[in-house]
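As given, the protein sequences belong to chains A and B, one line each in that order.
Residue 167 in the working numbering sits at position 167 of the first sequence, and the numbers go up by one each step.
Residue 162 in the working numbering sits at position 162 of the second sequence, and the numbers go up by one each step.
The structure under discussion appears below in the form of structure tokens.
Number of protein chains: 2
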Amino acid sequence: MKAPGLPLDRRSVSEFTATRLSIYVRCLAALEADGVAHVSSKDFARRFDLNSAQIRKDLATFGEFGVRGVGYEVSELKRHLTSILGLDRTRRVAIIGAGHLGQALADYGGFRSGGFSIAALFDNDAGKIGMKTRTGVDVRDVADLSRIVERDAIEIAVLAVPAAAAAEVARRCVAAGLKAILNFAPVRWNAPPGVRVKNVDLKINLETLAFYIPNAPTKGAPA
Amino acid sequence: MKAPGLPLDRRSVSEFTATRLSIYVRCLAALEADGVAHVSSKDFARRFDLNSAQIRKDLATFGEFGVRGVGYEVSELKRHLTSILGLDRTRRVAIIGAGHLGQALADYGGFRSGGFSIAALFDNDAGKIGMKTRTGVDVRDVADLSRIVERDAIEIAVLAVPAAAAAEVARRCVAAGLKAILNFAPVRWNAPPGVRVKNVDLKINLETLAFYIPNAPTKGAPA
């Protein structure tokens with residue numbers, strides 16, 4: 001197995017591929033926990049309902065993994081992909097907007113573990129600045145964003161502001177030196193070059209679930 | 001083009017495939033808005049960084065789409081997939097838990113449009129029951145869950161409760177006749193047969209975004 005060699009232009013990798021890598025790491029962690037040492041590309045592909053050519057293509061971007069006749073070495077592939085995703089170090093996150101969503105995200109376990117930590121929550125409402133969320137995250141004045149981003153080496157902004165405020169808040173994040181923005185606001189805007197924006201689509205979770213509901217409503221019927 | 005024919009056992013379709021169908025519909029809507037009438041399976045695959053064999057396999061489960069040499073007819077394929085996902089009718093959703101997350105979800109545009117409507121928000125806290133969210137969703141007593149699910153033909157439960165309460169609340173949802181549960185609580189439990197649970201993983205959005213940040217922190221540096 002060869003470690004990733006050539007410097008890779010990450011911008012050339014699609015968001016679909018990056019998301020699949022995250023999913024692969026979760027699956028490899030589950031296999032590792034089950035004591036599985038090796039997995040064939042065919043079995044690995046089957047878990048994701050993908051074909052093995054697709055898996056090989058996804059991985060080939062980052063190096064040569066897998067051995068013919070043996071498959072992938074689970075722990076080693078997991079370690080490589082974790083490193084490729086940059087999850088082997090902690091990135092600091094600022095959440096902008098201390099409304100219901102911002103507070104929920106600040107207290108969300110997944111945003112405070114395994115590669116991420118919440119550095120601060122920001123708002124422009126004097127009534128919220130100075131308070132703490134349930135788990136103890138401080139609400140800071142968004143006027144101090146640049147200073148705190150610099151001081152605390154924050155790398156990611158999470159936008160949890162109303163749609164009308166999102167473009168202006170995103171501009172402030174970019175001015176503060178942030179180059180990665182996770183946008184929960186239901187609005188799209190043009191990010192300047194060198195800034196990556198990911199728009200979160202919560203509805204797709206409902207759609208995926210709805211697919212499994214029979215078409216005739218089964219109102220109140222017993223199982 | 002042939003419409004889906006044989007009755008399909010939806011349980012045999014993986015969540016990965018169902019999610020891809022949702023994403024395909026979004027892409028087809030974007031193509032339609034751009035006035036594109038046809039798309040080749042190769043170009044369609046390229047948009048998702050998938051190979052065209054994978055796209056054909058995903059679609060083949062549901063019927064025969066596409067014409068050799070012409071590709072997919074954008075509006076027709078979108079209409080078929082929308083129907084397959086069941087998004088051509090409105091499903092009623094109940095959110096359980098009127099904390100920050102539950103209120104944010106009740107007011108989230110994506111949960112109140114295109115195939116879904118929020119019927120009610122439930123809690124067991126007397127201090128919250130009777131209030132309204134910012135956009136006017138009523139907070140009801142969770143003791144009335146069964147009655148309201150039956151009366152309002154609610155089909156989907158969204159769990160926005162603390163981890164410690166999730167399994168018990170899920171049991172109440174199942175007892176109320178709900179067969180689809182979208183779980184935001186950071187906990188897993190065994191759903192009874194015939195009940196579909198989708199666990200929401202917000203962290204994967206951060207991971208996908210973090211992939212694009214250069215490995216050396218660029219603390220406060222100008223673009």
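Even glycine gets a Cβ: it sits at the ideal position worked out from N, Cα and C.
When you compare the CB of residue i with every CB in chain A, is at least one pair closer than 8 Å?
i	result
Thr208(B)	yes
Tyr24(B)	no
Leu202(B)	yes
Leu87(B)	yes
Gly115(B)	yes
Ala33(B)	no
Leu101(B)	yes
Asp104(B)	In the sequence as displayed, the identity of residue 104(B) is Ala instead of Asp. Cβ-Cβ to chain A under 8 Å: yes for Ala104(B).
Ala167(B)	no
Lys132(B)	no
Asn190(B)	no
Asp49(B)	yes
Leu182(B)	yes
Leu155(B)	The question names Leu, but residue 155(B) in the sequence shown is Glu. At least one chain A Cβ lies under 8 Å of Glu155(B).
Thr17(B)	yes
For chain B, check one thing: does any of its Cβ atoms lie closer than 8 Å to the Cβ of residue i?
i	result
Tyr108(A)	yes
Arg135(A)	The residue you asked about is not Arg; residue 135(A) is Thr in the sequence shown. Taking Cβ atoms only, chain B never reaches closer than 8 Å to Thr135(A), which makes this a no.
Asp170(A)	One point to set straight first is that residue 170(A) is Ala, not Asp, in the sequence displayed. By this cut-off, Ala170(A) is not an interface position.
Lys78(A)	no
Asn124(A)	no
Ala119(A)	no
Ile129(A)	no
Ser14(A)	yes
Phe211(A)	yes
Ala29(A)	no
Ala60(A)	no
Phe44(A)	no
Ala94(A)	no
Tell me which residues share the same chain as residue i and place their Cβ nearer than 7 Å to its Cβ, disregarding the 5 neighbours each side in the sequence.
i	result
Leu206(B)	none
Val169(A)	Ile96, Leu159, Val161
Leu31(B)	Val39, Val74
Gly66(B)	Ser41, Tyr72
Leu105(A)	Ile95, Phe111, Val158, Ala160
Leu50(B)	none
Ala143(A)	none
Lys78(B)	Val25, Leu28, Ala29, Glu32
Which value, in whole angstroms, describes the spacing of the CA atoms of residue i and residue j?
i	j	result
Ile84(A)	Lys132(B)	45 Å
Val149(B)	Ala45(A)	39 Å
Tyr212(B)	Arg140(B)	43 Å
Ser22(A)	Asp201(B)	11 Å
Leu8(B)	Arg10(A)	40 Å
Thr229(B)	Val13(B)	With chain B represented from 1 up to 223, any question about residue 229(B) goes unanswered, as that position is not in the structure.
Ile129(A)	Asp123(A)	7 Å
Arg171(B)	Leu81(A)	37 Å
Lys203(A)	Ala53(A)	30 Å
Ala185(A)	Gln103(A)	14 Å
With a CB to CB cut of under 6 Å and the five nearest residues on each side skipped, what residues in its chain are close to residue i?
i	result
Ile154(B)	Arg92, Ala94, Ala119
Ala176(B)	Leu145, Ser146, Val149
Ser117(A)	Thr90, Arg92
Ala98(A)	Leu121, Asp123, Lys128, Val139
Given 7 Å as the limit, tell me if residue i has its C-beta closer than that to any heavy atom belonging to the ligand ZN.
i	result
Phe16(B)	Absent from the structure shown: the ligand ZN. Ligands present: none.
Go through its chain and collect everything with a Cβ distance to residue i's Cβ below 8 Å, but skip five positions before and after it.
i	result
Lys179(B)	Glu155, Gly194, Val195, Arg196
Asp43(A)	Gly71
Pro192(A)	Val174
Ala37(A)	Glu73, Val74, Ser75
### Three or more C-beta pairs below 8 Å linking the region 84 to 97 of chain A and the region 110 to 126 of chain A
yes
### Query
Quick one: complete alpha helix (DSSP H) runs, 4+ long, within the region 115 to 187 of chain A?
145 to 151, 163 to 175
### Query
Which runs of the beta strand (DSSP E) spanning at least 3 residues fall entirely within the region 50 to 117 of chain A, listed in chain order?
91 to 96
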